[in-house]
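Numbered per this note's numbering, the sequence shown spans residues 168 to 1290.
The beta carbon of each residue, even a glycine, is placed where N, CA and C say it ideally should be.
Here's the structure we're looking at; comments come further down.
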Amino acid sequence: MKSDCLLFLLLSWLCCAAGDSNSDSSSGSKRTRRASIEASNNAAAAQQLHSIVDLPECQDLRKYCTHQTTSDNLAMLECALSFSSSQVEALPDRCQHALWLQQRQLQSSTWLEQTLLPTYCAAEQSKLVTCFNAVDMWSCLEDQRQQLPQSNSCQQLLRRAYATLGQDYASVTEFYSACGSLVESQQCGRMNVEHLHAQLSQLGTAQCLMAHSSQAKPIDISCKLAITGIEQQHTMLELMRVCADEHAALCGQESHSPAAGYKCLIKHKNDPLMGAACAAQIALRDQQMGHDYRVSHGLAKACKDDIKQHHCRRGVSEDKQVRLAQILLCLESVSKNGTRLAPDCLVELSDHRRMLMSDYQLSPELLSDCADDIPKFCPQQHKAQLVNGLSSSGGEIIHCLLEHVRARRPQRRVTAQCQRGLEMLIKVSDAGEDWRVDPVLRRACKPVVDVACKDVEGGEARVMSCLMERIGTPIMLPNCEQALLIIEYFVARDFKLDPQLYKHCRDDAIKYCRAKRQWDDAQDVQMDPERGPMILPCLHRMAYSDDDKQTLRKDCFREVKRVMRQRAISVDLMPEVEDYCLSDLSLFCGERTEKGAEMECLQNKLEELQPECKAMVTKYTEEEAANVELNPVIMSVCAEAMQQHCSDILQSGKDNGNMMDCLIAHKNDADLRKDLRCRAAIEHFQIISLKSYHFTTKFKDACRPWVSRFCVASATKNEVVACLSEVMRNDTIKAQRPQIPKECRQQVKAQLYQQRESIALDPKLGQACKFELEQYCADQKAPGQALECLIQKTSRLGKACHHAIFMIKKSELADSGTDYTLLNTCKEMVFKYCPSTDSAKLLDCLKTYKDDRNFDQRCHLVVVNRMIEQNTDFRFNPTLQSACGKNIDSYCSHIVATAQPNEELNGKVIKCLKDKFRQSKLDEKCAKEMIKILQEQALNYKLNPVLQHFCKSEIQELCKSHMEADEHGQVEECLKAAFLQKQLINRECQIEVASLIAESKADIHVDPILESACTVDLLRYCSKVTNGNGRKLSCLKTLLRETPNSLEADCREKLQRRIEMFHNADDALALPPEDMQQLVQQVVASPARKFFLVILMSATGLIFLMGLALGRATKRAMGLKNK
């Protein structure tokens, strides 16, 4: 029952297919075919005049057709059509031929007009003759017949004739037209023994013609094509008959059409339920399809117009076989070049591409070219096929051969001709376009696609690209990656096999790389890196060309970057690098065969490479820096880090150096400190980038013009950074508009910050301090610790190392944004107290809050250490330099002139400014800055290098108990008390402490302990008094003298103590005047200046009186003389 239903379905489909074919034909074609039929009928008119029943060969008709009321030819044909298959088959060939001629005559308007109508429809003939010129003559006659009365004899005859034609009469018109004459001459007309529908009703006739054909009597092309179509349909009928049980068992849900049922059988041809006979039929049909695409009725029908329109037979005559591969390549080429194919044709193309990748027997090239390779390299799969008698539907043999194309050992590679056949298979199947085409890839990658690529639209290799992006991620499965890379290996050898790349880069490839205009060029060999232009490498070179007139379009540039990024995952070197560096690779990197190691080796040996190789490696490294996807090592070992820390860059699809910057920024995070492989890869690239500033993309882009302007002599990146940093620092000190733009300044700071993290990133420092690092800092391995250790050991460093550290301190203290230790230790404090402060000013901001109760102690220590370093040399304090530059030039230039380059002045310039501050000689801006410094020094003696130097022993002996305590001015207060009690023996120490005391006279803010004690009184009584020149202190002294009880007790006590210190300090600091100016200044500044004024006035008056007295006596004497 199932078999009958299946056959009925198939025959119905064949009938519909034939009907569709006829419906697609033009009315002119139908008339032409009917004219051809009529011409053949006229040629054999004599044969049609006698009655069929009178023929000697047709006497059985008399026996079996007694129920017919008449014995005319139409009645005999009606009778014969009702025979069983055995009865029809028993009729002699000549009788069958006569009946076939009669059935054929029914479609002839001439026979109808001259024979049928005059005899039976004379009265109605005038109405019926109008149908002879209709497109569908019998459809017109049927319409006319239905208008006649049921009892009309003409109406009854026409009804009988139409029924004799059958519903699918139109499907055999083409066969009648193409083969009618030959059937006449060979007398091969045969009845439909098996009662088949549509063109298969002519199966017996076609078989007779083929049996009688010979070289002497060849069948013409049009008839041969019609016969071929019938034979192919018959083959399908036999296959479906043999496979009826398998179809019912395996394809119950897919039997809505015979085409779907057949495809279902192909998909299950290795299923255990598949019988040997059915499998053999499928295998035979597969081989036939490989040799002639027309065996696939679905493809031939769906793509008929496209094949004809685009000349896919390429000059091959219609009766010749055309391989399936040729048709698929032609149609693919049409589609790739922008022409739309019929939707049904596209569906068939996709189905047949899957078939090709499923079974190598569909490719005659593989059957012949790989005949020896299959048993040699794939013995298990081949043996299983031979034992089970099954075809290879899972693609295992094809994938086995593909794997051996990529084998490293030559003896494990397939032969050259087999490789060519496999290349052709990948091209014909276009396996790189749709991941579902390859059954092995589909099975292996379906779990990955279902999770990672479920939202990706199919087609144009979008899912393949998605899978390539997932290589190296946890979601990628090993089997999927292996199968994917096998296909991508071939795709990478021909840019046309990547749909997106070909679509967006076709015009650029033609323009710049001599690519062919057609996707499949029959006159040209297949283009791949071995035998044709290297299209992809050429496009890659053009993508980064410096010639503005030869640039790729944006879409093409994006696709080239994508392909090169994906290719870097599985291919270690770019082709152009390999071309120029073969000798260097063999010389330096012969043993470096692991993934990505060869490029690392060339980068490490960059200075030793040959010029051409060096240029290409340099160019590639630049591209690698701009697109980290081109670095297979980082891509493979840092995939998780990129997903976790740099996902926004991944999502944006834009790199341009951002990814490497992101990885560098996070390389010291907790997770990356554990991920040693990723961290090592990042640091290796950082070290490589030191060889040239071009290897740091953002730095190169932002600073290239300024490097050319200011740093022409600089060779390495560190030299360039140092040069630009000096320019930036000088601009800051001089308070002039920056010569270097903000973008470049930020990049310089970023590079300095990286250098401070690791000595390895500053080779000159590492060389200069090699001994000191081993001697003092060997155990300092954490980021930034080695440099911090050297800074703390400044006094012990050798001259070369000392000079190098001096330059680093000069840079760090000028811009906190480059201070690795400060930024990382104080990260939380910066966020809490200085969130909006410019990174260059962070140290100044943190100084303000360092004594807050909630301030982190580790950060506090770093800030204090930076303040100590800053006070050792005015050059470490750009703010002081800017505020006091003129005062330094005026009062302290002799100190600066005698300074040693790259060595600290140990606070000498600051001491000079302090002296002038005490004398109120500084301008307002400088005075304010000095107040800040003096306040800080008052709270922490370590910030005063001069005091530390002159009072070292006194501090250790008299103030030892205060040294370990928190710094709030206790040591300085201790020294002041000792000074007051005459305990300081060292004259230099006395002078320095006296200077501290005298400085507080100039401004109470310089004495934070007194200011703190008197805060309430200052606010209560002296709030309206302006700062500076000791006015606040004078206000307090006046209150102490006039209303002492109005002051707070602590303030009163400390103030009285300070006044006593002031007197002692004045005595200690008193020096004889060296000239009249100093004398006048000393008198004016003296508290007894009124006394000196009285004495001066008295002396002047005395002289005046003496002049008056002595003047008169002189006058009298002169008068006497004149007389």
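Selection from the options that minimises the alpha carbon distance to residue i
{"i": "K543", "options": "R580, L839, L1009 and D1023", "result": "R580"}
{"i": "M895", "options": "S859, M243, L1272 and K977", "result": "K977"}
{"i": "I831", "options": "A808, K728 and E796", "result": "A808"}
{"i": "A927", "options": "Q913, T883 and H851", "result": "H851"}
{"i": "L404", "options": "F1084, K994, P905 and L370", "result": "L370"}
{"i": "D126", "options": "Q399, A469, C470 and E1091", "result": "Past the edges of the chain, shown from 168 to 1290, lies residue 126, and the structure says nothing about it."}
{"i": "M631", "options": "R609, P641, I642 and N646", "result": "R609"}
{"i": "H519", "options": "A289, C968, I855 and E499", "result": "E499"}
{"i": "P799", "options": "L773, C845 and K1078", "result": "C845"}
{"i": "Q272", "options": "V339, N1111 and H234", "result": "V339"}
{"i": "A917", "options": "R732, C870 and K960", "result": "C870"}
{"i": "K786", "options": "M802, M766, C805 and S803", "result": "M766"}
{"i": "S368", "options": "Y343, E351, Q354 and L1110", "result": "Y343"}
{"i": "C418", "options": "L568, V1030 and K436", "result": "K436"}
{"i": "S1120", "options": "A1105, K1099, L1142 and Q1104", "result": "L1142"}
DSSP three-state assignment for residue i, whether helix, strand or coil
{"i": "F866", "result": "helix"}
{"i": "R587", "result": "helix"}
{"i": "M694", "result": "Annotation note: pLDDT 46 at M694 (below 50); position unreliable, no value reported."}
{"i": "H435", "result": "coil"}
{"i": "G1136", "result": "coil"}
{"i": "N300", "result": "helix"}
{"i": "S1087", "result": "coil"}
{"i": "Q317", "result": "coil"}
{"i": "L857", "result": "coil"}
{"i": "Q1123", "result": "helix"}
{"i": "I564", "result": "helix"}
{"i": "L1010", "result": "helix"}
{"i": "K1081", "result": "helix"}
{"i": "K1095", "result": "helix"}
{"i": "K197", "result": "Reliability of the predicted coordinates at K197 is poor, the pLDDT of 47 falling under 50, and no value is obtained from them."}
{"i": "G824", "result": "coil"}
{"i": "L719", "result": "coil"}
{"i": "N1021", "result": "coil"}
{"i": "I388", "result": "helix"}
{"i": "K772", "result": "coil"}
{"i": "A509", "result": "coil"}
Span of the alpha helix (DSSP H), counted from its first residue to its last, around residue i
{"i": "A710", "result": "I702 to A710"}
{"i": "A330", "result": "S320 to L332"}
{"i": "K916", "result": "K909 to E924"}
{"i": "D473", "result": "K471 to Q476"}
{"i": "P930", "result": "P930 to A935"}
{"i": "K503", "result": "L491 to K503"}
{"i": "M132", "result": "This structure cannot settle anything about residue 132, because the visible part of the chain is limited to 168 through 1290."}
{"i": "A1064", "result": "S1060 to A1064"}
{"i": "M358", "result": "Careful: M358 lies outside any alpha helix (DSSP H) and carries neither H nor E."}
{"i": "Y336", "result": "Premise fails: Y336 is in no alpha helix (DSSP H) and is neither H nor E."}
{"i": "E1215", "result": "Element bounds for E1215: n/a, residue is neither H nor E."}
{"i": "N991", "result": "Y987 to T992"}
{"i": "Y787", "result": "P778 to A793"}
{"i": "L367", "result": "First-last for L367: undefined, no H or E at that position."}
{"i": "F544", "result": "D540 to F544"}
{"i": "Q810", "result": "A806 to H812"}
{"i": "Q959", "result": "Q952 to Q959"}
{"i": "F1043", "result": "Neither: F1043 is in no alpha helix (DSSP H) and is coded neither H nor E."}
Go through the region 606-688 residue by residue and report every complete run of the beta strand (DSSP E) that reaches 3 residues or more, in order. none
Segments of 3+ residues assigned as beta strand (DSSP E) that fall wholly inside the region 875-905: none
At 4 residues or longer, what runs of the alpha helix (DSSP H) sit wholly inside the region 209-289? 212-216, 226-231, 240-248, 252-257, 260-272 and 284-287
Mind pulling the alpha helix (DSSP H) runs of 4 or more residues that sit fully within the region 1139-1206? 1154-1169, 1175-1180 and 1182-1188
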